[in-house]
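J.: What the sequence shown shows, in the working numbering, is residues 1 to 202, in sequence order. By construction, the Cβ of each residue, glycine as well, lies at the ideal position given by its N, Cα and C atoms. Computed from a predicted structure; not experimentally measured.
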Amino acid sequence: MAVGDMARTQLALDLETDDHLDAGRPSGRGVTIYAHLDPDSPHATLDNPGCNDVLISQIQAWCEAVGNTVTIRPVIDLNTEITTDAYTPTVKLTEQVQLRDQCCVFPHCTRPARHCDLDHRHPFDQQNPAAGGKTTTSNLAPLCRRHHRTKTFSPWTYDTPQPGVYDWTSPTGKRFRVTRSRRHGRLPNTTQIDHVPPDSEP
Ligand SMILES: [Zn+2]
């Protein structure tokens, strides 16, 4: 099943606890489960670390065992372009980009996207937002703080030939393609592609 198709049947189950309502019990913490459901299968695929395919009945059991509030959030279609006029992405846009890329998109980095900044590939113009890079699905990518600084303050650059595919060029002209495939699960796959000497750059 393609990523986009999975996204259309995705449910985000937010298992929330409310610590301050019952100070006498051990405090709990929120748990979010991202489950990709196929109506023809009894299994669901989870994006959560350490989880793979599980029975849908198992998810139901987890929800019942928590004994707290279970919130089902709307499906996020990973193929839809979400845009905001502001510099800061909305919660929905942030979650969409995190789900699409899963990890920092710098070559060989596996930092989870939920712990990354969202980089504007084309810089946002604070003085004139209409003139700069927009805060939109196709212009955002998760980068961990270290690699966000690398991209911002060094000659490393990247292009996105298609959503979720990142072609990086190093300061010495080495080029890397970062992708994510079913074969590699949640982790990104980095391959070296053609080499472009720095002095041949336009
Ligand atoms: Zn990184």
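(1) Please find out if some non-hydrogen atom of ligand 1 comes closer than 7 Å to the beta-carbon of residue 106.
(2) Cβ of residue 83 within 8 Å of Cβ of residue 118?
(3) Assuming residue 177 and residue 144 make a contact with CB atoms under 8 Å, what is their CB distance in whole Å?
(4) Quick one: what's got a C-beta closer than 8 Å to residue 136's C-beta in the same chain, skipping five residues either side?
(5) On the DSSP letters alone, give me the boundaries of the alpha helix (DSSP H) that residue 75 sits inside.
(6) Residues in the same chain with beta-carbon distance under 7 Å from residue 87, minus the five sequence neighbours each way, listed in chain order, please.
(7) Assign residue 97 to one of two classes, buried (16 or more other C-beta atoms within 10 Å of its C-beta) or exposed (fewer than that).
(8) Using only alpha-carbon positions, find the residue among 62, 53 and 140 that is nearest to residue 90.
(9) Rounded to the nearest angstrom, what separates residue 130 and residue 121 at their Cα positions?
(10) Alpha carbon to alpha carbon, how far is residue 154 from residue 193? Give it in angstroms, no decimals.
(11) Could you give the DSSP three-state label for residue 130: helix, strand or coil?
(12) Looking at C-alpha atoms only, which residue of 138, 173, 149 and 142 is the closest neighbour of residue 161?
T.: Taking the definition as stated:
(1) Checking the Cβ of residue 106 against ligand 1 gives yes.
(2) Result no, Cβ atoms of residue 83 and residue 118 do not sit closer than 8 Å.
(3) Not a contact, Cβ separation roughly 19 Å.
(4) Once the five neighbours on either side are set aside, the close Cβ partners of residue 136 are 81, 82, 83, 84 and 93.
(5) That residue, residue 75, is in no alpha helix (DSSP H); it is neither H nor E in DSSP.
(6) The answer, listed in chain order, is 124, 126 and 135.
(7) Its Cβ being crowded by 16 or more others within 10 Å, residue 97 is buried.
(8) Put simply, of 62, 53 and 140 the residue whose alpha carbon is nearest the alpha carbon of residue 90 is 140.
(9) In a straight line, the C-alpha of residue 130 is about 15 Å away from that of residue 121.
(10) So the alpha carbons of these two residues sit roughly 20 Å apart.
(11) If DSSP states are grouped into helix, strand and coil, residue 130 belongs with coil.
(12) Cα-wise, what sits closest to residue 161 is 138.
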